[in-house]
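Worksheet: one structure, shown below.
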Amino acid sequence: MNQSFLILVILAFISVYLPAQQCTGNLGENIFEAGDFGSGQATVLTPDPGIAPGFSYQPNPPPDDGFYTITNDMGAWTAIFPAWDAFQDNSSDPDGYMMVVNAAFSPGKFYEQQVDDLCENTLYQFSADVRNILLPGTNGLTPNVSFSIDGITQFTSGSIAENRRWNNYGFTFTTSPGQTSVTLALSNNAPGGFGNDLAIDNISFRACGPLARIAGAEMLSICEDGGPATLTADIDGDQYDDPQMQWQQSFDEGITWQDLPGEMGPSFLHTERASGFYYYRYLLANGPVNLTNSKCRVVSNVKTIYVVPKRYEIIDTICDGLVFEVGEEEYRISGVSVDTLSSSLGCDSIVTLRLTVVPDPGVTGNFTVVDPSCSYLTDGSVELISITGGAGPFLYTFDSIPSGAGSTATGLGEGTYPYRIEDRFRCVDEGEFILTTPNPFTIELGENRVLNLGENILLNDGTNDAVASYRYIPAGLVDCTSGCDGERFLPAESGTLFLLATSPRGCEARDSLRYVVVKTRKVFPPNAFSPNGDGINDQFTLFADVPNVTAINSLRIFDRWGGQVFDGENLEPNLAAAGWDGRVDGEPASSGVYYYTASVLFLDGLVLPYSGSFTLLR
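If you use our numbering, the sequence shown corresponds to residues 7 to 624, in order.
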């Protein structure tokens, strides 16, 4: 194999599989101005942005396999795709959009953009925030995203785990001589199926240069009557062989920037003495041509200069009983005062306070309070109906959360909720609401039981409230839906009885009773009887504990020669009159030993045979 070709193969492998190379210096402004997909109040961006060549746009989410959607909230989709997580874009903007991709069954590109007017021999960084949509533990296919330039893969993310996190991936590359245009793409290398779905946000393509800072702290404070301030560029790195810079100033707190004419040296002298805040930065590029191209330069950090004013005038109105502090001085009455303060910088400030103190008008909030209907529910509410006294606008907080006047706090359970109403002069009404319910509705079936077959359980609901309805589970064990206190339950098998009770107010309570049935068989055959008509022990039958025994299915009696003398079926236990009266064909049978066989039915449905002998006595 050609040695140079082998080296190229190795380098290509390294570029794809090594960790992403991030810019270590400063970055320029994002060339992809729409890389965060913008924001809007509509949940889904309706027009097709046309950014995914291998996918179709779906404006009616959630997207199906091979489709994508631009959205600011996935919360409503979980009912359709329960394995998907519900989240918003990776920004502080509640209306910020992101790209949600439902993987196609074949790997392919889901994002592609061409970038023109680049600078040759310039370092750039391409990055994006990527998130696995599946919930942890779903164990679906994991996305695997590759970043490419002009169809050549430069970096691969590897499997992106189900961790409910945004992950930032990217790489740097340098344009070649004469190269001013590239096509950037994101592809999903994993096949579709269950899983392999992802979200994309904050796609960034920026120039990368040396570490460019303005020396010193981010903010510099100077006195209004002091000297000028010098800002010095601090550039660390040898990426640029011909560094060129342009100082800029922002007049809207860093939103937009303007070039400072002629300020292209390594330092800038701030001479403005008017009090206020001033914002500065500089642009840095390799050569004067690149400096004029926003796609080829980097931006320093922002330096803020605060000119401390010499004179302050404070006009304020406070409520009677409050204190207004100026330095170490405290003021409680109306009037004009003048104080001279010295800052840590040594700046002297003359403060004129024009203070008005108004009587406390007795600010009062008028509320409607609804307690939770049940101890376990959170359907309580507190509504601020109106405010009397005081001067608006009012600042109203409920449970430490700012709320608008006239608002209603809902979803409240039992508990204590503080409130505070403050008018424009800081006169206050504050207190707390204690939301309660009547006694918590409970049901107590009693301790678990161990009982013999045929024993019953007395059901006592043990409630602290009236019961409107009962529901025993499993159905059919207890045939009672109301007035069940004192009901008896006769179990034939071990199990658990559940009770769901409802109070007249609609509150629910539940309890369970575990019972173990010991299968004791209580059958008592006599060993003798005397059919002499004295009314005592005149018939032979099987005696048993009822309801342990349900019935005597059959009872047959034989003499000592095997002749059958009695045949009875479906006999009631313990009913002597249903047994043998000691006669054979109407004549008294002889004294002696006789034999019986019987079939006995028990409460749990089991049928057992019994046999034995007894003596007939005359």
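The beta carbon of each residue, even a glycine, is placed where N, CA and C say it ideally should be.
Given the structure is predicted, the values throughout are model-derived calculations rather than measurements.
Going straight from the alpha carbon of residue i to that of residue j, what length do you get?
i, j, result
"Arg625", "Pro399", "No answer is possible for residue 625: the residues shown for the chain start at 7 and end at 624."
"Arg477", "Leu577", "36 Å"
"Val329", "Glu336", "6 Å"
"Gln254", "Asp265", "4 Å"
"Asn32", "Ser355", "39 Å"
"Asp156", "Ser349", "59 Å"
"Phe373", "Gly327", "26 Å"
"Val151", "Thr310", "40 Å"
"Phe535", "Ala550", "17 Å"
"Ala167", "Val50", "26 Å"
"Asn169", "Asn202", "13 Å"
"Pro142", "Arg171", "10 Å"
"Tyr23", "Thr162", "Because the pLDDT of Tyr23 is 33, which lies under 50, any placement of that residue in the model is unreliable, and the question is left without a value."
"Cys380", "Glu420", "9 Å"
Select from the options the residue whose C-alpha is nearest the C-alpha of residue i.
i, options, result
"Asp366", "Ala534, Asn78 and Phe431", "Phe431"
"Ala472", "Thr508, Leu441 and Gly452", "Thr508"
"Phe530", "Gly512, Val552 and Ala515", "Val552"
"Asp101", "Gly44, Thr52, Asp345 and Asp247", "Gly44"
"Val188", "Tyr601, Thr159, Val484 and Val357", "Thr159"
"Phe504", "Gly541, Leu465 and Arg511", "Leu465"
"Asp377", "Val388, Gly341, Ala235 and Val369", "Val388"
"Arg426", "Phe447, Thr403 and Ala280", "Thr403"
"Gly333", "Asp573, Val357, Leu441 and Gly114", "Val357"
"Asn1", "Gly164, Leu459 and Leu623", "There is no way to answer for residue 1, as the model of the chain reaches only from 7 to 624."
"Gln28", "Pro113, Gly215 and Gly222", "Gly215"
"Leu451", "Ala481, Ile463 and Thr346", "Ile463"
"Thr52", "Gln64, Ala92 and Asp123", "Gln64"
"Gly260", "Thr416, Tyr284, Arg360 and Glu269", "Tyr284"
"Asp123", "Phe200, Glu499, Asn299 and Tyr246", "Asn299"
"Leu519", "Lys528, Pro510, Gly512 and Leu506", "Leu506"
"Ala239", "Asn580, Pro579 and Val305", "Val305"
"Asn78", "Gly46, Pro68 and Asp70", "Gly46"
Run through DSSP, which three-state label would residue i get?
i, result
"Thr189", "strand"
"Leu33", "strand"
"Gly201", "strand"
"Gly114", "strand"
"Trp83", "helix"
"Ala583", "helix"
"Thr49", "coil"
"Ile261", "coil"
"Asp322", "strand"
"Phe11", "Caution is warranted here: a pLDDT of 32 is assigned to Phe11, below 50, making its placement in the model unreliable, and the coordinate value is therefore given only provisionally. In this structure, Phe11 counts as helix in the three-state DSSP scheme."
"Ser406", "coil"
"Phe549", "strand"
"Ala26", "The predicted model places Ala26 with a pLDDT of 48, which falls under 50 and marks its position as unreliable; any figure quoted below should be read in that light. If DSSP states are grouped into helix, strand and coil, Ala26 belongs with coil."
"Thr144", "coil"
"Arg624", "coil"
"Gly618", "strand"
"Pro497", "coil"
"Trp90", "strand"
"Pro510", "coil"
"Ile16", "Residue placement at Ile16 is flagged as unreliable, the pLDDT there being 30, under the threshold of 50; the coordinate-derived value follows with that caveat. Helix, per DSSP."
"Phe431", "coil"
"Ser21", "Note that Ser21 scores a pLDDT of 32, beneath 50, so its modelled location is shaky; the value from the coordinates is reported in the next line. In the structure shown, Ser21 sits in a helix (DSSP, three-state: H, G or I)."
"Ser379", "coil"
For the alpha helix (DSSP H) containing residue i, name the first residue and the last one.
i, result
"Leu297", "Pro294 to Leu297"
For the beta strand (DSSP E) containing residue i, name the first residue and the last one.
i, result
"Val473", "Element bounds for Val473: n/a, residue is neither H nor E."
"Val136", "Leu129 to Asn138"
"Trp253", "Pro249 to Ser256"
"Ser97", "Premise fails: Ser97 is in no beta strand (DSSP E) and is neither H nor E."
"Met270", "Looking at the DSSP string, Met270 is not in any beta strand (DSSP E), and its letter there is neither H nor E."
"Asp240", "Ala235 to Asp242"
"Thr358", "Asp354 to Val364"
"Ala520", "One detail in the question is off: residue 520 reads as Arg in this sequence, not Ala. Per DSSP, Arg520 belongs to the beta strand (DSSP E) from Glu514 to Val524."
"Glu436", "Val434 to Leu441"
"Leu309", "The residue asked about is misnamed: residue 309 is Lys in this sequence, not Leu. Taken as a continuous stretch (DSSP letters only), the beta strand (DSSP E) holding Lys309 covers Lys309 to Val314."
"Leu217", "Leu217 to Ile220"
"Asn78", "No beta strand (DSSP E) holds Asn78; DSSP gives it neither H nor E."
"Thr487", "Careful: Thr487 lies outside any beta strand (DSSP E) and carries neither H nor E."
"Ile155", "Asn150 to Ile155"
"Glu336", "Glu335 to Tyr337"
Q. Is the region 166-184 in contact with the region 265-280, if contact means three or more CB pairs nearer than 8 Å?
A. no
Q) Between the region 542-552 and the region 587-596, do at least 3 Cβ pairs fall closer than 8 Å? A) yes
Q: Pair every Cβ in the region 215-234 with every Cβ in the region 113-123, then say whether three or more of these pairs are closer than 8 Å.
A: no
Q. So, do the region 166-177 and the region 130-147 have three or more beta carbon pairs nearer to each other than 8 Å?
A. yes
Q.
Would the region 203-214 count as touching the region 90-99 if we require 3 or more Cβ pairs under 8 Å?
A. yes
Q. Is it true that the region 552-563 meets the region 601-619, where meeting means three or more beta-carbon pairs spaced less than 8 Å apart?
A. yes
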